[in-house]
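Engineer:
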Amino acid sequence: DVKVTQSSRYLVKRTGEKVFLECVQDMDHENMFWYRQDPGLGLRLIYFSYDVKMKEKGDIPEGYSVSREKKERFSLILESASTNQTSMYLCASIPQGGKYEQYFGPGTRLTVT
Amino acid sequence: QKEVEQNSGPLSVPEGAIASLNCTYSDRGSQSFFWYRQYSGKSPELIMFIYSNGDKEDGRFTAQLNKASQYVSLLIRDSQPSDSATYLCAVNLRNAGNMLTFGGGTRLMVKP
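Sequence lines, in order, name chains A and B.
The first sequence maps to residues 33 to 145 in the numbering used here.
The second sequence maps to residues 252 to 363 in the numbering used here.
1) By the criterion of Cβ-Cβ separation under 9 Å, what are the contact partners of S283 (chain B) in chain A?
2) Between which two residues does the beta strand (DSSP E) containing V84 (chain A) stretch?
3) For P138 (chain A), decide whether its Cβ has a neighbour in chain B, counting only Cβ atoms nearer than 7 Å.
4) Just the C-alpha distance for T337 (chain B) and T115 (chain A), rounded to the nearest angstrom, thanks.
5) Measuring only the C-alpha atoms, how far is Y322 (chain B) from E256 (chain B)?
6) Using 10 angstroms around the beta-carbon of V350 (chain B), count the other beta-carbons present and answer buried if the total reaches 16, otherwise exposed.
7) Do L297 (chain B) and E133 (chain A) have their C-beta atoms closer together than 7 Å?
8) I need the boundaries of the beta strand (DSSP E) containing Y42 (chain A), first residue and last residue.
9) I'd like to know whether the C-beta of S294 (chain B) is nearer than 7 Å to at least one C-beta of chain A.
10) Please compile the residues from chain B whose C-beta is within a distance smaller than 8 Å of the C-beta of I92 (chain A).
11) Bridge partners for E296 (chain B) per DSSP, in chain order?
12) Using a Cβ-Cβ cutoff of less than 8 Å, which residues in the same chain neighbour M86 (chain A) once the five nearest sequence positions on both sides are dropped?
13) Just to check my reading of the structure: S112 (chain A) and G48 (chain A) have Cβ atoms closer than 8 Å, yes? What is that Cβ distance to the nearest angstrom?
14) Any Cβ of chain A within less than 7 Å of the Cβ of N349 (chain B)?
15) In chain order, what residues of the same chain lie with their CB nearer than 6 Å to the CB of Y276 (chain B), ignoring the 5 residues before and after it?
16) Can you find the residues in the same chain that come closer than 8 Å, C-beta to C-beta, to Q289 (chain B), ignoring five residues on each side of it along the sequence?
17) Are A270 (chain B) and L359 (chain B) touching if we call contact CB-CB under 7 Å?
18) State yes or no: is the C-beta of E54 (chain A) within less than 7 Å of the C-beta of S39 (chain A)?
19) Taking S125 (chain A) as the reference, give the member of A:S81, A:S119, A:L110 with the closest Cα.
20) Return the chain-ordered list of same chain residues with a C-beta closer than 6 Å to the C-beta of C274 (chain B), the five sequence neighbours on each side being excluded.
21) Using DSSP with H/G/I as helix, E/B as strand and the rest coil, what is D58 (chain A)?
22) Expressed to the nearest angstrom, what Euclidean distance is found between the alpha-carbon atoms of K318 (chain B) and V144 (chain A)?
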């Protein structure tokens, strides 16, 4: 059974804070993704990673960075949180041997005040 | 034109009816197609995938793929109130590597 976990379900941060969102999968998946989801805008890809220390920008990388030091963990970093980064953040991964199907973690609802 | 398009709905059907959800895509070379269900406040859950033309059935769900017409559909038979959710279509476009392109989703409401 595919299991993707995220560090927090709900998070409230202040403007200007540095924010870390963590995603962990325990099945040796190579490909991992970070999305944000906003009403009316759908799912938008922020960054993805296809291996340890490898990362690629998605559609909206501005204001974000990522880290993948270990295969099971993919972190999203908001260097200086802003109110327009209030959103639902979703992590996903593709299983080994999979054919592009992505499995999502439970999501983190981030509010920046 | 968006690469993956869905009618946002809401699509309202009575309990026990067939719900038909449609998705069109722009890239004729797309190979893999996925349907996700997303309850309000929750993350998307993969419910079906289809790679070949035709129908694929899994319980009350049937995915239909027509590559010539560039559309993929999801049929839900004997709809239940618990099926009320937003359904996202996702496509692996040609030359997209491992990435999926998601439609905006169709909100389905099943009324008792």
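We put the CB at the ideal spot given by N, CA and C, even for glycine.
Just so you know, these numbers come straight off a predicted model, no measurement behind them.
Structural biologist: This is what the structure holds:
1) Here residue 283 (chain B) refers to the residue found at position 32 of the second sequence. K131, Y132, E133, listed in chain order.
2) In the first sequence, counting from the first residue as 1, residue 84 (chain A) sits at position 52. From DSSP, V84 (chain A) is part of no beta strand (DSSP E); its letter is neither H nor E.
3) As a first step, residue 138 (chain A) must be located in the first sequence, where it is residue number 106. Taking Cβ atoms only, chain B reaches closer than 7 Å to P138 (chain A), which makes this a yes.
4) Residue mapping note: residue 337 (chain B) aligns to position 86 of the second sequence, counting from 1. Residue mapping note: residue 115 (chain A) aligns to position 83 of the first sequence, counting from 1. Distance between the alpha carbons of T337 (chain B) and T115 (chain A): 26 Å.
5) As a working mapping, residue 322 (chain B) is identified with position 71 in the second sequence. As a working mapping, residue 256 (chain B) is identified with position 5 in the second sequence. So the alpha carbons of these two residues sit roughly 9 Å apart.
6) The residue given as residue 350 (chain B) occupies position 99 in the second sequence. Checking the sequence shown, residue 350 (chain B) turns out to be Met, not Val. When all chains shown are included, M350 (chain B) counts as buried.
7) Position 46 of the second sequence, counted from the first residue, corresponds to residue 297 (chain B). Position 101 of the first sequence, counted from the first residue, corresponds to residue 133 (chain A). Yes, they are a contact pair.
8) Looking up residue 42 (chain A) in the first sequence gives position 10. Note, Y42 (chain A): beta strand (DSSP E), 42-45.
9) For this step, residue 294 (chain B) is matched to residue 43 along the second sequence. By this cut-off, S294 (chain B) is an interface position.
10) If you number the first sequence from 1, residue 92 (chain A) lands on position 60. Neighbours of I92 (chain A) on chain B: none; closest Cβ ~14 Å, over 8 Å.
11) Position 45 of the second sequence, counting from 1, holds the residue named residue 296 (chain B). Beta-bridge pairing links E296 (chain B) to B:R288.
12) Here residue 86 (chain A) is taken as the residue at index 54 of the first sequence, counted from 1. Excluding residues within five positions, the ones whose Cβ falls inside 8 Å are R100.
13) The residue you call residue 112 (chain A) lines up with position 80 of the first sequence. The residue you call residue 48 (chain A) lines up with position 16 of the first sequence. Indeed they touch by this definition, with Cβ atoms about 5 Å apart.
14) For this step, residue 349 (chain B) is matched to residue 98 along the second sequence. N349 (chain B) counts as touching chain A.
15) On the second sequence, position 25 is the one that residue 276 (chain B) refers to. These residues qualify, in order along the chain: V255, Q321, V342.
16) As a first step, residue 289 (chain B) must be located in the second sequence, where it is residue number 38. Taken in chain order, the residues that qualify are P295, E296, A336, T337, Y338, L339, G356.
17) One-based indexing of the second sequence puts residue 270 (chain B) at position 19. One-based indexing of the second sequence puts residue 359 (chain B) at position 108. The answer is yes: Cβ separation under 7 Å.
18) Within the first sequence, the letter at position 22 stands for residue 54 (chain A). Within the first sequence, the letter at position 7 stands for residue 39 (chain A). Going by C-beta atoms, E54 (chain A) is nearer than 7 Å to S39 (chain A).
19) Within the first sequence, numbered from 1, the residue matching residue 125 (chain A) stands at position 93. The option with the nearest alpha carbon to S125 (chain A) is A:S81.
20) The count along the second sequence starts at 1 and reaches residue 274 (chain B) at position 23. Cβ neighbours of C274 (chain B) beyond the five flanking positions: Q257, V323, C340, G354.
21) Within the first sequence, the letter at position 26 stands for residue 58 (chain A). Three-state result, D58 (chain A): coil.
22) The sequence position of residue 318 (chain B) within the second sequence is 67, counting from 1. The sequence position of residue 144 (chain A) within the first sequence is 112, counting from 1. Between K318 (chain B) and V144 (chain A), the C-alpha separation is close to 43 Å.
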